[in-house]
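Colleague: After the structure tokens below, expect a handful of questions from me.
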Amino acid sequence: MSRYIPEVLRDLVAQRAKFCCEYCCLPADRSFFAFHIDHVVSMKHGGETAADNLAFACSICNLNKGSDVATFLDDNDQSVRFYNPRRDLWREHFRAELTGLLIAKTDIGRATIKILNLNHPDSIIERRELIRLGLLMIEQDSN
Ligand SMILES: [Zn+2]
Numbered sequence: 011m012s013r014y015i016p017e018v019l020r021d022l023v024a025q026r027a028k029f030c031c032e033y034c035c036l037p038a039d040r041s042f043f044a045f046h047i048d049h050v051v052s053m054k055h056g057g058e059t060a061a062d063n064l065a066f067a068c069s070i071c072n073l074n075k076g077s078d079v080a081t082f083l084d085d086n087d088q089s090v091r092f093y094n095p096r097r098d099l100w101r102e103h104f105r106a107e108l109t110g111l112l113i114a115k116t117d118i119g120r121a122t123i124k125i126l127n128l129n130h131p132d133s134i135i136e137r138r139e140l141i142r143l144g145l146l147m148i149e150q151d152s153n
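Listed below in structure tokens is the structure:
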């Protein structure tokens, strides 16, 4: 599934994201694995290789997301799209507890946490430690 993305575009996407995963907020310099350039809307679904459709993503988020763009929640047969870093504000859909757990504020947040597996036990532990060390750039709020 190799897709050519020019180096200049990769750099722009990474810098725009401040070198943090745009889904789980993991800083690239705290990861053992190389980060990916994610097509927010996959090419399979008509997404283009353009700055306004690309996101900086850790390998775990990117691999869990794959080419998916939405999922189903509960018993509802209506699909819910994922969080889109290019048009949504992270803090409107998620918040992080000091325990490292991510809490969804919206169905879009729930759908994204579910499919990207953002609350995998290892991710929660990693996030908790990064928060404790002040290394996670997550916008905190009091909700
Ligand atoms: Zn991530």
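To convert a position in the sequence shown, counted from 1, into the numbering used here, add 10.
By construction, the Cβ of each residue, glycine as well, lies at the ideal position given by its N, Cα and C atoms.
1) Please list, in chain order, all residues of the same chain as V23 whose beta carbon is under 6 Å from its beta carbon, the five residues on each side excluded.
2) In whole angstroms, give me the CA-to-CA distance for L126 and E17.
3) Taking the straight line between their C-alpha atoms, what separation do you get for P95 and V50?
4) Considering only the beta carbon of each residue, do T109 and I134 sit closer than 8 Å?
5) DSSP three-state call for L140: helix, strand or coil?
6) Could you check what DSSP says for I118 in three-state terms: helix, strand or coil?
7) Would the beta-carbon of R40 fall within 8 Å of that of L145?
8) For I123 versus L112, is the C-beta spacing smaller than 8 Å?
9) Give me the Cα-Cα distance between K54 and G76, rounded to the nearest whole angstrom.
10) By how many angstroms is the C-alpha of L83 removed from the C-alpha of E136?
11) Measure the CB-CB distance between F42 and C68 and report whether it falls below 8 Å.
12) Is it buried or exposed for Y143, if we count other Cβ within 10 angstroms and need 16 for buried?
13) For H130, count neighbouring Cβ atoms within 10 angstroms of its own Cβ and tell me buried if that reaches 16, exposed if not.
14) If you measure from each CB to the nearest heavy atom of ligand 2 and keep those under 6 Å, what residues do you get, in chain order?
Modeller: To lay it out plainly:
1) Contacts found: I47, L64, F66.
2) Inter-residue distance for L126 and E17 is about 26 Å (C-alpha atoms, whole angstroms).
3) The straight-line gap from Cα to Cα measures roughly 8 Å.
4) In this structure, I134 lies closer than 8 Å to T109 by Cβ.
5) L140 falls in the helix class under three-state DSSP.
6) Three-state result, I118: helix.
7) Their beta carbons are under 8 Å apart, which means R40 touches L145 by this criterion.
8) The answer is yes: Cβ separation under 8 Å.
9) Between K54 and G76, the C-alpha separation is close to 10 Å.
10) Straight-line Cα distance between these residues: approximately 26 Å.
11) At least 8 Å separates the beta-carbon of F42 from that of C68.
12) Here residue 143 is Leu; the residue named in the question, Tyr, does not match the sequence. Burial check for L143: the Cβ neighbour count within 10 Å stays below 16, so the residue is exposed.
13) By the 16-neighbour rule on beta-carbons within 10 angstroms, H130 is exposed.
14) Ligand 2 is absent from the structure shown, which contains only ligand 1.
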